[in-house]
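Presented below is the structure to which this report refers.
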Amino acid sequence: MSRLRVGVLVSGRGSNLQALIEAAKDPLYPARVVMVCANRECPALEIAKKAGISRQVFRLAAFPDRKARDWEMVRKLRQHGVELVVCAGYDAILERAFTREFEGRVINIHPSLLPEFAGTMDAVRMALNAGVAETGCTIHVVTKDVDQGPILAQRRVEVRPDDTVESLRERIQAEEHGLLTEVVRRLAGQPLPLPS
Ligand code: GRF
Numbered sequence: 114m115s116r117l118r119v120g121v122l123v124s125g126r127g128s129n130l131q132a133l134i135e136a137a138k139d140p141l142y143p144a145r146v147v148m149v150c151a152n153r154e155c156p157a158l159e160i161a162k163k164a165g166i167s168r169q170v171f172r173l174a175a176f177p178d179r180k181a182r183d184w185e186m187v188r189k190l191r192q193h194g195v196e197l198v199v200c201a202g203y204d205a206i207l208e209r210a211f212t213r214e215f216e217g218r219v220i221n222i223h224p225s226l227l228p229e230f231a232g233t234m235d236a237v238r239m240a241l242n243a244g245v246a247e248t249g250c251t252i253h254v255v256t257k258d259v260d261q262g263p264i265l266a267q268r269r270v271e272v273r274p275d276d277t278v279e280s281l282r283e284r285i286q287a288e289e290h291g292l293l294t295e296v297v298r299r300l301a302g303q304p305l306p307l308p309s
């Protein structure tokens with residue numbers, strides 16, 4: 114079985130990366146992570162290291178500009194034969210050059226029920242402050258418009274009266290892990306690029 118070659122972009126904790134790595138331990142899982150790119154040193158890189166996955170930090174300061182940084186990421190991901198890119202807590206906006214190169218092959222996880230609380234890194238806090246009864250997580254195709262690409266899947270999470278940002282985030286993330294592995298499994302079985 115040839116498995117879909119996945120590149121993961123990270124900036125933080127890496128729990129979604131970990132979920133994908135765990136899923137891919139099953140030889141029947143149809144995808145595997147072959148490269149991890151980060152825009153800074155972060156715990157997610159340790160997860161990649163432990164799993165023996167190629168990883169690299171693309172610090173903006175090491176390049177003339179964002180475009181040059183993103184081109185280098187494209188080059189490295191291509192070198193590793195990446196077919197699908199997963200933004201898993203990656204906190205920089207991808208240059209158009211990147212999304213064009215991987216058109217319909219980049220997905221993102223966002224911790225809200227898009228289109229609610231789009232375009233922010235603080236969607237969990239915003240949901241809590243807005244007093245909504247439920248929020249959740251969304252996986253969507255990345256296009257040039259931040260958080261606005263076609264939605265692939267969502268899961269709902271109830272907001273409890275005693276929730277803090279941390280407790281709500283924890284429950285949302287637990288759903289993200291299941292949703293991400295499910296969506297990647299599905300994408301491995303269908304033709305790429307996705308309509309974007
Ligand atoms: C996730 O909650 C995701 O929705 C958001 O960033 C967070 C990343 O978490 N885009 P982790 O690094 O995968 O633990």
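This note's numbering numbers the first residue of the sequence shown as 114 and each following residue consecutively.
Even glycine gets a Cβ: it sits at the ideal position worked out from N, Cα and C.
ask   = Alpha carbon to alpha carbon, how far is glycine 120 from isoleucine 166?
value = Numbered from 1 along the sequence shown, position 7 holds the residue referred to as residue 120. Numbered from 1 along the sequence shown, position 53 holds the residue referred to as residue 166. Taken atom to atom, the span from the alpha-carbon of glycine 120 to that of isoleucine 166 is near 10 Å.
request  = Tell me, to the nearest whole angstrom, how far the beta carbon of leucine 281 is from that of isoleucine 252; I am working on the premise that it is less than 8 Å.
outcome  = As a first step, residue 281 is located in the sequence shown; it is residue number 168 there, counting from the start. As a first step, residue 252 is located in the sequence shown; it is residue number 139 there, counting from the start. In this structure, leucine 281 and isoleucine 252 do not form a Cβ contact; the two beta carbons are roughly 19 Å apart against a cut-off of 8 Å.
ask   = Does the distance from the CB of valine 245 to the CB of proline 224 come in under 8 Å?
value = One-based indexing of the sequence shown puts residue 245 at position 132. One-based indexing of the sequence shown puts residue 224 at position 111. No, Cβ-Cβ distance for valine 245 and proline 224 is not below 8 Å.
task = Decide yes or no for the touch test of the stretch 183-194 against the stretch 226-243: beta carbon pairs closer than 8 Å, at least 3 of them.
result = In short, these stretches do not touch, since the Cβ pair count stays below three.
ask   = How would you label glutamine 286, buried or exposed, when you count the other beta carbons within 10 angstroms and need 16 or more for buried?
value = Here residue 286 refers to the residue found at position 173 when the sequence shown is read from its first residue. By the Cβ neighbour-count rule, glutamine 286 is buried, with 16 or more other Cβ atoms within 10 Å of its own.
key: Any non-hydrogen atom of the ligand GRF within 7 Å of isoleucine 223 CB   = Along the sequence shown, read from residue 1 onward, the residue named residue 223 stands at position 110. Checking the sequence, you will find histidine at residue 223 rather than isoleucine. At least one heavy atom of the ligand GRF is nearer than 7 Å to the Cβ of histidine 223, so yes.
request  = Report yes if the C-beta distance between cysteine 200 and leucine 307 is below 8 Å; otherwise report no.
outcome  = Start at 1 with the first residue of the sequence shown, and residue 200 comes out as number 87. Start at 1 with the first residue of the sequence shown, and residue 307 comes out as number 194. Between cysteine 200 and leucine 307, the C-beta spacing is not below 8 Å.
ask   = Looking at C-alpha atoms only, which residue of Glu229, Ala151 and Leu117 is the closest neighbour of isoleucine 206?
value = In the sequence shown, residue 206 corresponds to position 93, counting from 1. That would be Ala151, whose Cα lies nearest to the Cα of isoleucine 206.
task = Round the Cβ separation of glutamate 196 and leucine 117 to the nearest angstrom and send it over; I've been treating them as touching at under 8 Å.
result = Looking up residue 196 in the sequence shown gives position 83. Looking up residue 117 in the sequence shown gives position 4. With 8 Å as the limit, glutamate 196 and leucine 117 qualify as a contact, their Cβ atoms being about 6 Å apart.
ask   = Which of helix, strand or coil does DSSP assign to arginine 172?
value = Indexing the sequence shown from 1 puts residue 172 at position 59. Reduced to three states, the DSSP call for arginine 172 is coil.
ask   = DSSP on isoleucine 252, reduced to helix/strand/coil?
value = In the sequence shown, counting from the first residue as 1, residue 252 sits at position 139. In this structure, isoleucine 252 counts as strand in the three-state DSSP scheme.
query = From Glu135, Gly202, Leu241 and Leu173, pick the residue whose C-alpha is nearest to that of glutamate 279; which is it?
reply = On the sequence shown, position 166 is the one that residue 279 refers to. Nearest in C-alpha terms to glutamate 279, of all of Glu135, Gly202, Leu241 and Leu173, is Leu241.
key: Contact under 8 Å by Cβ, glycine 262 with valine 255   = In the sequence shown, the residue the question calls residue 262 occupies position 149. In the sequence shown, the residue the question calls residue 255 occupies position 142. A distance below 8 Å separates the beta carbons of glycine 262 and valine 255.
request  = With a threshold of 7 Å, establish whether the CB of cysteine 150 neighbours any heavy atom of the ligand GRF.
outcome  = Within the sequence shown, the letter at position 37 stands for residue 150. No, the ligand GRF has no heavy atom inside 7 Å of this Cβ.
inquiry  = At the level of alpha carbons, what is the spacing between valine 297 and proline 156?
reply    = Taking the first residue of the sequence shown as 1, we reach residue 297 at position 184. Taking the first residue of the sequence shown as 1, we reach residue 156 at position 43. The alpha-carbon atoms of valine 297 and proline 156 are separated by roughly 22 Å.
ask   = Given alanine 266, which residues of its chain have a CB within under 6 Å of its CB, disregarding the five upstream and five downstream residues?
value = In the sequence shown, the residue the question calls residue 266 occupies position 153. For alanine 266, where only same-chain residues beyond five positions count, the Cβ hits under 6 Å are Ile252, Leu292 and Val296.
ask   = Does the beta carbon of glutamate 289 fall short of 7 Å from some heavy atom of the ligand GRF?
value = The sequence position of residue 289 within the sequence shown is 176, counting from 1. Checking every heavy atom of the ligand GRF against the Cβ of glutamate 289, one is found closer than 7 Å.
inquiry  = Taking only three categories from DSSP, how would you classify alanine 266?
reply    = Working through the sequence shown from its first residue, we reach residue 266 at position 153. In this structure, alanine 266 counts as strand in the three-state DSSP scheme.
query = the ligand GRF heavy atoms versus the CB of valine 123: any closer than 7 Å?
reply = Residue mapping note: residue 123 aligns to position 10 of the sequence shown, counting from 1. Under cutoff, so the answer is yes.
C-alpha gap between isoleucine 160 and threonine 294, whole angstroms = Translated into the one-based positions of the sequence shown, residue 160 becomes position 47. Translated into the one-based positions of the sequence shown, residue 294 becomes position 181. When the Cα atoms are used, isoleucine 160 and threonine 294 turn out to be separated by approximately 17 Å.
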